[in-house]
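What follows is a single structure, written as structure tokens, with notes after it.
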Amino acid sequence: MGAASPAFNRVVSGLRSYFRVGQAADLDDADGGVVMMGAAGAVAVADARARVQDLIWLTYRRGFPPLPPPSRTTSDAGWGCMIRTGQMMLAHALQRHGADRRRVIGLFLDTPAAPFSIHRLVDACPDKQKAPDQWFGPLEVCRMMHACCRAAQGDLASVVCSDGLFRSDVEEAARGEGEPHDGWRPVVVLVPLRLGLDDLNPIYMESLLQMMTLPQSLGFIGGRPRSSLYFVGFQGRKLLYLDPHTIHDHVGDVTSADENVRFSTGGGGVACADDACVPHPQVSTFCCRECRTMMIDQLDPCLALGFYVASADSLDDMWRRLQGMKSPTGFDIGDRAPVWHRPASDTQAEQETDDDDFVLL
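With the first letter of the sequence shown counted as 1, position 254 gets the number 346 in the working numbering; the numbers rise by one all the way through.
Here it is as structure tokens:
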């Protein structure tokens, strides 16, 4: 029997990581309330499960139009989990931005025409020598999402803060190209981090949880080596996440889905009215029915935080909260980056590797 193909080995590796991560204890009301991203107060487990179903779940897909040459692959199973978790975080930002749920889903469909599809994201990778079906790291995916946001030319800005979180960078993004609303475009702030060498440094655990309680928080992406998850809340030291390691068939167009599917607004955004009707099969694959957890000390140190800053007042509020944190955050926070902190050019920054861009603290 011949040697297994690299693609098969990647799938096996991903499945092993998936089952290892999924062994954490489930949510239990006996362990106290659950804090969801963007909310300071805790909710009951049943409410947390309902809020997870409100989120847009993006997973591995098979049978989509081929990615650009030389790959020509039609599935991201085994290598696309970091892209999928990044898509989920960006999709939640768009929900916060007020976009209709079905419209948001349409922006992420696996077709070259969709502005945030896996095709567009892979094409936006700063490392042009990288094959499309290789695994991507948090920093790469942050830069890919930023590039796609710029290309979309919408009213949602983005900024990647890989050298520290500086107020001037966020303000510059908010007042950049496009048509600002009252001088400010809402901004998705992406902060890729490395919070340890091989394991997450325990000194950052408390601040990581605290940052999820900020009203602007979009959670964070990361998880285990080469196995990314989207973390959306916590209960004590257990992290609640959405898992992309499920393979669904390619979805063509959800806008023509069955008329019996309806959507209701309420709470933190646009939610699927699951109790009112049976969703169209295509739409249901974007709704997660499971709440998985893992302990925070199992986290890989490479991750990326996300924030949605809707206005100048929202930035003021976020800044007060960040500067008032007592625990180390793992990244610089300031009004403006010092000159020595900046790369010589955007081109140079894009040519650096993930490890080179992270500051190990």
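The beta carbon of each residue, even a glycine, is placed where N, CA and C say it ideally should be. In this text, all values refer to a predicted model and were calculated from it rather than measured experimentally.
Kindly confirm or deny that the segment 148-168 and the segment 286-299 touch, where touching means at least three C-beta pairs closer than 8 Å.
-> no
Count the other CB atoms, across all protein chains shown, that sit within 10 Å of the CB of ASN352; report buried if there are 16 or more and exposed otherwise.
-> The residue labelled residue 352 in the question sits at position 260 within the sequence shown. Bear in mind that a pLDDT of 31 at ASN352, under 50, signals an unreliable position, so the number given afterwards is only what the model happens to contain. So ASN352 counts as exposed.
C-alpha gap between GLU232 and PHE208, whole angstroms = Along the sequence shown, one-based indexing puts residue 232 at 140. Along the sequence shown, one-based indexing puts residue 208 at 116. Computed Cα separation, rounded: 15 Å.
Is it the case that the Cβ atoms of GLY325 and LEU334 are separated by a distance below 8 Å?
-> Here residue 325 refers to the residue found at position 233 of the sequence shown. Here residue 334 refers to the residue found at position 242 of the sequence shown. No, the Cβ-Cβ distance between GLY325 and LEU334 is not below 8 Å.
What are the boundary residues of the beta strand (DSSP E) that THR385 is part of?
-> On the sequence shown, position 293 is the one that residue 385 refers to. Element bounds for THR385: 384-387.
Which residues mark the beginning and the end of the alpha helix (DSSP H) in which VAL137 is found?
-> Translated into the one-based positions of the sequence shown, residue 137 becomes position 45. That run of the alpha helix (DSSP H) goes 137-146.
Helix or strand or just coil, what does DSSP make of MET297?
-> Here residue 297 is taken as the residue at index 205 of the sequence shown, counted from 1. Reduced to three states, the DSSP call for MET297 is helix.
For ALA396, three-class secondary structure by DSSP | For this step, residue 396 is matched to residue 304 along the sequence shown. Three-state result, ALA396: strand.
Residue closest to ARG235, alpha-carbon to alpha-carbon, out of PRO317, TRP411, ARG194, GLY178 | Reading the sequence shown from its first residue, position 143 is the one you call residue 235. For the residues PRO317, TRP411, ARG194, GLY178, the minimum Cα distance to ARG235 belongs to GLY178.
Roughly how many whole angstroms lie between the Cα atoms of ASP350 and ALA223?
-> On the sequence shown, residue 350 is found 258 positions in, with the first residue counted as 1. On the sequence shown, residue 223 is found 131 positions in, with the first residue counted as 1. At ASP350 the pLDDT is 37, less than 50, meaning the model places this residue with poor confidence; the figure from the coordinates comes in the next sentence. Rounded to whole angstroms, ASP350 to ALA223 spans 38 Å at the Cα level.
Taking all protein chains shown into account, decide if PRO393 is buried (16 or more other Cβ within 10 angstroms of its Cβ) or exposed.
-> Reading the sequence shown from its first residue, position 301 is the one you call residue 393. By the 10 Å Cβ count, PRO393 comes out buried.
Whole-number beta carbon distance between VAL137 and VAL127, since they are thought to touch under 8 Å = Taking the first residue of the sequence shown as 1, we reach residue 127 at position 35. Taking the first residue of the sequence shown as 1, we reach residue 137 at position 45. Actually they are not in contact, since the Cβ atoms of VAL127 and VAL137 sit about 12 Å apart, beyond 8 Å.
List the DSSP bridge partners of ALA249.
-> Counting from 1 along the sequence shown, the entry for residue 249 is found at position 157. Its beta-bridge partners are VAL279.
Continuous alpha helix (DSSP H) stretch holding MET181: start and end | As a first step, residue 181 must be located in the sequence shown, where it is residue number 89. It spans 173-188 - the alpha helix (DSSP H) in which MET181 sits, taken as one unbroken run.
Just checking, does the segment 415-428 make contact with the segment 182-196 on the three C-beta pairs under 8 Å criterion?
-> no
For ARG267, three-class secondary structure by DSSP | The residue labelled residue 267 in the question sits at position 175 within the sequence shown. Here ARG267 sits in coil by DSSP.
Beta-carbon proximity list for PHE200, same chain, < 7 Å, skipping 5 on both sides = In the sequence shown, counting from the first residue as 1, residue 200 sits at position 108. LEU150, GLN179, ALA183, ALA206, PHE208, SER209.
With 16 other Cβ atoms within 10 Å as the buried cut-off, status of VAL280 | Working through the sequence shown from its first residue, we reach residue 280 at position 188. Flag for VAL280 reads buried.
Would you kindly report the start and end of the unbroken alpha helix (DSSP H) that includes SER406?
-> Here the question's residue 406 lines up with position 314 in the sequence shown. That run of the alpha helix (DSSP H) goes 404-415.
Going by other Cβ atoms of all chains shown within 10 Å of its Cβ, with 16 needed for buried, is ARG354 buried or exposed?
-> Locating residue 354 in the sequence shown gives position 262, counting from the first residue. With a pLDDT of 31 at ARG354, under the threshold of 50, the predicted position of this residue should be treated as unreliable, though the coordinate-derived value follows. So ARG354 counts as exposed.
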